[in-house]
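According to my numbering, the sequence shown is numbered sequentially starting from 13.
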Amino acid sequence: MDARRSVRATMIRRMLACCMTVTTLFTPGLLRAQRNEAGGWASLQLSKALQHNWTLGVRGEIRGREEMHSLDLAFLRAMAGYRITPWMGAELAVDRMWRSTSAQNRMLLSLTGTWGRRSLALSVRQRYIYAHNGETHSYAHLMRTMVSLSCHMGDSRWTPYISVEGYYWDRWQMTHTFIGSRLRLDSHNSLDLFYVCNIKATPAGLIHSIGAGYACRL
């Protein structure tokens, strides 16, 4: 038992060290951050596995900031995913996103690779986003790269993880750093509990948020 606890503690320390390293690489403006806020995230996702490696789903999410006194963003999304190989999947999604001052229609194309060894799993997701603002008739492109490391601890229903996601196109825009754990409620339902630090380039600052997400596989 002591040896198993020692191995788990070593894995967690390595996960945290990896998180800090990738955050530093993705966040050139970290030391320039001047403003700190608190916020919260909440999401609901429903999905259905189909034949021939296809999955359909919908997702709704809302994010608050300034001690939850203002809206950061909210979106409603429809998704279609396809499992290309046992370790790689693709997803196409469309959504309507609202901010406090504007709304956008977006298309998201994602490619995710996952590799596992023993109780550890490494995941890398590359996502391209095309966004159109109907009010100003403007459009924007965005790339998002997420690196995640998770640890499945034997028969435990908890799966702790760390993730770092960088937002960029012609320049770095922001970085999200997640530390959390997924809780398997049963074979179809799960709960995600996490802390996320949002490091923004303009205006320079940090948003510290806690979040919860519920997912159901129909």
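C-beta atoms are modelled at their ideal positions from N, C-alpha and C, and glycine is treated no differently.
- With contact defined as three or more Cβ pairs closer than 8 Å, the segment 188 to 200 and the segment 159 to 170 are in contact.
- When the beta-carbon positions are compared, methionine 119 and leucine 85 stay at least 9 Å from each other.
- With contacts defined as CB atoms closer than 9 Å, isoleucine 96 and leucine 83 fail to qualify as a contacting pair.
- Here DSSP, grouped into helix, strand and coil, assigns methionine 165 to coil.
- Per DSSP, serine 199 lies in no beta strand (DSSP E) and is assigned neither H nor E.
- Separation of glutamine 57 and aspartate 182 (C-alpha to C-alpha, rounded to the nearest whole angstrom) is 31 Å.
- Taking 3 residues as the minimum length, the beta strand (DSSP E) runs contained wholly in the segment 104 to 185 are 115 to 129, 132 to 145, 150 to 163 and 170 to 180, in order along the chain.
- In the three-state DSSP reduction, tryptophan 53 falls in the strand class (E or B).
- Histidine 149 and alanine 115 have their C-alpha atoms roughly 11 Å apart.
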